[in-house]
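Novice:
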Amino acid sequence: MIDNIGKPFFSSFKVDESLNWQMSRAEKYTLIGLLQELKPDVAIEIGTYQGGSLQVISHYSKNVYSIDISKAPGDLLASRFSNVEFVVGDSSRCLIDIFEKIKNDNRRLDFILVDGDHTRKGVYRDLEAIYSYPHIHPVTILMHDSFNPECRKGIRDFLKKHPEHITYAELDYVTGSYWHNDTYREMWGGLAMVKMDPNHKSAPIEIGQSQKHLFAGTYLHSIHLIKDRLQFLFPLKRKIFKMLGKKNRAEIYDTF
Ligand SMILES: C[S@@+](CC[C@H](N)C(=O)[O-])C[C@H]1O[C@@H](n2cnc3c(N)ncnc32)[C@H](O)[C@@H]1O
């Protein structure tokens with residue numbers, strides 16, 4: 040059975056298949072199409088892994104900041120992307136310095152891909168860091184994995200609390216699915232899109248969830264009903280895996 044929902048892929052943008060790209064076909068087409076239009080002066084990617092999505096962002100932007108908590112992406116990719124500065128650290132702590140640098144360089148931040156820490160708190164923190172800065176220009180933000188229940192909660196909670204300056208918000212800009220690999224009925228993928236305009240002063244707009252019913256129905260049959268309630272056991276699971284010398288799934292992001 041072919042279980043890769045990201046390939047084959049047809050586009051005038053030549054995708055380098057050697058760079059693992061953790062997105063579905065629909066998400067890939069969307070990222071390419073959007074960036075072709077936006078042509079960012081400066082873009083930021085939070086969560087780079089093996090550079091699949093970075094190759095597109097780098098191609099269509101003049102300059103890019105890649106933030107990853109692991110130094111592995113920079114080690115692997117720095118020589119391939121001359122317009123990308125690799126920043127190692129927790130994104131919510133690195134963002135403000137990058138925003139300052141962009142402002143001091145008299146550049147325009149046009150685009151951010153949020154694809155780092157997918158926990159509810161992690162996504163919330165990223166959005167809070169993005170939002171807390173007094174941006175000058177409108178920014179388009181894509182958030183990957185908006186179909187994952189925890190990640191979606193983080194995005195939704197944040198936007199509900201901070202609807203100011205938002206001119207467009209849709210949690211299901213691209214819908215996610217049960218993921219196609221060896222995970223059992225885990226909900227992943229999906230792209231949420233937010234357009235933020237610091238000069239937008241009128242009443243806050245509503246947050247779109249065009250596939251709310253699909254999300255709710257899928258959730259009822261998902262593993263998250265059980266799994267997300269047992270999160271408090273995860274540290275214990277990590278300890279047991281370590282004792283047994285087994286790799287935890289999240290560890291694929293640390294070294295490669
Ligand atoms: C799903 S992968 C990114 C996939 C990539 N955007 C793509 O489409 O191929 C998530 C990445 O986020 C990084 N990450 C996790 N938590 C982070 C954090 N708090 N700050 C920065 N990066 C983080 C991981 O090291 C990993 O490389």
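Start counting the sequence shown at 40; every next residue gets the next number (our numbering). The beta carbon of each residue, even a glycine, is placed where N, CA and C say it ideally should be. Keep in mind it's a predicted model, so treat the numbers as computed, not measured.
Using DSSP with H/G/I as helix, E/B as strand and the rest coil, what is Y104?
Specialist: strand
Novice: Exposed or buried, which one is M62 when buried takes at least 16 other CB atoms within 10 Å?
Specialist: Classification of M62: buried, given that the 10 Å Cβ count is 16 or more.
Novice: So within the region 139-193, which uninterrupted beta strand (DSSP E) runs reach at least 3 residues, ignoring any that extend past its ends?
Specialist: Counting whole runs of 3 or more residues, the region 139-193 contains the beta strand (DSSP E) stretches 148-153 and 178-183.
Novice: Tell me which same chain residues have a C-beta within less than 8 Å of the C-beta of I244, skipping the five on either side of it?
Specialist: P202, I205, T206, Y207 and A208
Novice: If you run the structure through DSSP and keep just helix, strand and coil, what is L253?
Specialist: helix
Novice: Pick helix, strand or coil for S51, following the three-state DSSP scheme.
Specialist: coil
Novice: DSSP on S216, reduced to helix/strand/coil?
Specialist: S216: strand per DSSP, three-state reduction.
Novice: Among L93, E139 and I135, whose alpha-carbon lies nearest the alpha-carbon of R119?
Specialist: L93
Novice: Out of D221, H157 and I180, state which residue places its alpha-carbon closest to the alpha-carbon of K192.
Specialist: The shortest Cα separation from K192 among D221, H157 and I180 belongs to H157.
Novice: Chain C beta carbons: is any one of them nearer than 9 Å to that of K160?
Specialist: Looking at the structure shown, chain C is missing, and only one protein chain is on hand.
Novice: Following a CB-centred definition, is E124 positioned closer than 8 Å to any heavy atom of ligand 1?
Specialist: no
Novice: How big is the Cα-Cα spacing for S130 and S57?
Specialist: 26 Å
Novice: Check each candidate in P177, L152 and S185 and name the one with the smallest Cα separation from I106.
Specialist: L152
Novice: Indicate the three-state DSSP secondary structure (helix, strand or coil) for G247 in the structure shown.
Specialist: strand
Novice: Is the region 217-227 in contact with the region 166-174, if contact means three or more CB pairs nearer than 8 Å?
Specialist: no
Novice: State yes or no: is the C-beta of I262 within less than 9 Å of the C-beta of R195?
Specialist: no
Novice: Suppose the cutoff is 6 Å on Cβ atoms and the five residues either side in sequence are ignored; what does the same chain contact list for N59 look like?
Specialist: Q89 and G91
Novice: So if DSSP puts F125 in a beta bridge, which residue, or which two residues, is it bridged to?
Specialist: S105
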